[in-house]
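Beneath this line is the structure, given in structure tokens, with notes to follow.
Residue numbers (this note's numbering): 1 to 263.
What follows is the structure, encoded as structure tokens:
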């Protein structure tokens, strides 16, 4: 007979290894049912009776918690799956409070099953016993669904960098002539930049001003814009209007990168 600690460790391992998306916990109220001699409790029937929506066909039983007491402290309980014994325990109890219905007079027995057998789930009890409740924890025997792959972002390659003037707005043009571009990224290098505007010139003559790019861009940081088109965008050039904000030291640089699945 396993110790309570070892059973708890085994039970935790079973639940961690189980398909937790389909785990269930069913409480069966036994209303202090009084049993004498040898008795069999049919767990599946009781679960379906007290939990009408329960679906047990694809579930395996992992843990059974039996809240009970025996008159002499020597009652026995055994868990069987498809007729095969899985675990057993002694039901504690005292003669002087056997007829006391308070919950504190009941003890808990933990029974663990590692079987994935289909079939009946039964408790076999022996002795002069009162049952308060039974809690059954199950898990799915179906394999867990495969997680959906996380779509990878576009692969970025450099389209060059240009130095940015101090004090006055500098217009830098990147002539890229690239098709099927999914995103563009600009970064500040060597110094902080103040971005006035970024305009994307497409091959059909349309010009897009990326308003989210306007503002202060710290050295080493970047901004990304994704084109919400099915096959990406065909770009002729990208125009960046910016100033280098540092008063002392070298001018900052603006770096342009183009993103797509494959180049």
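Don't be surprised by glycine CBs; every beta carbon is placed ideally from N, CA and C.
Exercise. How is residue 105 classed by DSSP in three states: helix, strand or coil?
Worked result: The residue labelled residue 105 in the question sits at position 105 within the chain shown. If DSSP states are grouped into helix, strand and coil, residue 105 belongs with the helices.
Problem set entry | Reduced DSSP secondary structure (H/G/I, E/B, other) of residue 113 | Residue mapping note: residue 113 aligns to position 113 of the chain shown, counting from 1. In this structure, residue 113 counts as coil in the three-state DSSP scheme.
Exercise. How many Å lie between residue 110 and residue 82 at the Cα?
Worked result: Numbered from its first residue, the chain shown carries residue 110 at position 110. Numbered from its first residue, the chain shown carries residue 82 at position 82. Straight-line Cα distance between these residues: approximately 19 Å.
Problem set entry | Residue range of the beta strand (DSSP E) that includes residue 223 | Residue mapping note: residue 223 aligns to position 223 of the chain shown, counting from 1. Here the beta strand (DSSP E) through residue 223 covers 222 to 226.
For this session: Out of 174, 209 and 163, point me to the one whose CA is closest to residue 192's CA.
Result: To locate residue 192, count along the chain shown from 1; it is residue 192. Closest in C-alpha terms to residue 192, from the list 174, 209 and 163, comes 163.
For this session: Put residue 70 into one of helix, strand or coil per three-state DSSP.
Result: Taking the chain shown and counting its residues from 1, the one referred to as residue 70 is at position 70. Reduced to three states, the DSSP call for residue 70 is strand.
Exercise. Can you find at least 3 beta carbon pairs, one from the stretch 83 to 90 and one from the stretch 105 to 125, that sit closer than 8 Å?
Worked result: Result yes; three or more Cβ-Cβ pairs closer than 8 Å.
Exercise. How should residue 132 be labelled, buried or exposed, when 16 other C-beta atoms within 10 angstroms of its C-beta is the threshold for buried?
Worked result: For the purposes of this step, residue 132 is taken as the residue at position 132 of the chain shown. Of the other Cβ atoms in all chains shown, 16 or more fall within 10 Å of the Cβ of residue 132; this residue is therefore buried.
Problem set entry | Neighbourhood of residue 94 by C-beta distance below 7 Å, restricted to the same chain and skipping five residues each side | One-based indexing of the chain shown puts residue 94 at position 94. Excluding residues within five positions, the ones whose Cβ falls inside 7 Å are 73.
For this session: Apply the 10 Å Cβ neighbour rule to residue 178 and answer buried if 16 or more other Cβ atoms are within range, or exposed otherwise.
Result: The sequence position of residue 178 within the chain shown is 178, counting from 1. It is buried - the Cβ of residue 178 has at least 16 other Cβ atoms within 10 Å.
Problem set entry | Selection from 36, 59 and 153 that minimises the alpha carbon distance to residue 43 | Within the chain shown, the letter at position 43 stands for residue 43. Selected option, being the one with the closest Cα: 59.
For this session: Return helix, strand or coil for residue 86, following the three-state DSSP convention.
Result: Locating residue 86 in the chain shown gives position 86, where the first residue counts as 1. In the three-state DSSP reduction, residue 86 falls in the strand class (E or B).
Problem set entry | residue 247 versus residue 168: straight-line alpha-carbon distance, rounded | Position 247 of the chain shown, counting from 1, holds the residue named residue 247. Position 168 of the chain shown, counting from 1, holds the residue named residue 168. Cα to Cα, residue 247 sits roughly 12 Å from residue 168.
Problem set entry | The beta strand (DSSP E) enclosing residue 237, as first and last residue numbers | What you label residue 237 is simply residue 237 of the chain shown in a count that begins at 1. Taken as a continuous stretch (DSSP letters only), the beta strand (DSSP E) holding residue 237 covers 233 to 244.
For this session: For my contact list, residue 136 and residue 47 are in at a C-beta cut-off of 8 Å; report their separation, rounded to the angstrom.
Result: The sequence position of residue 136 within the chain shown is 136, counting from 1. The sequence position of residue 47 within the chain shown is 47, counting from 1. Contact between residue 136 and residue 47 holds: their C-beta atoms lie close to 6 Å from each other, under 8 Å.
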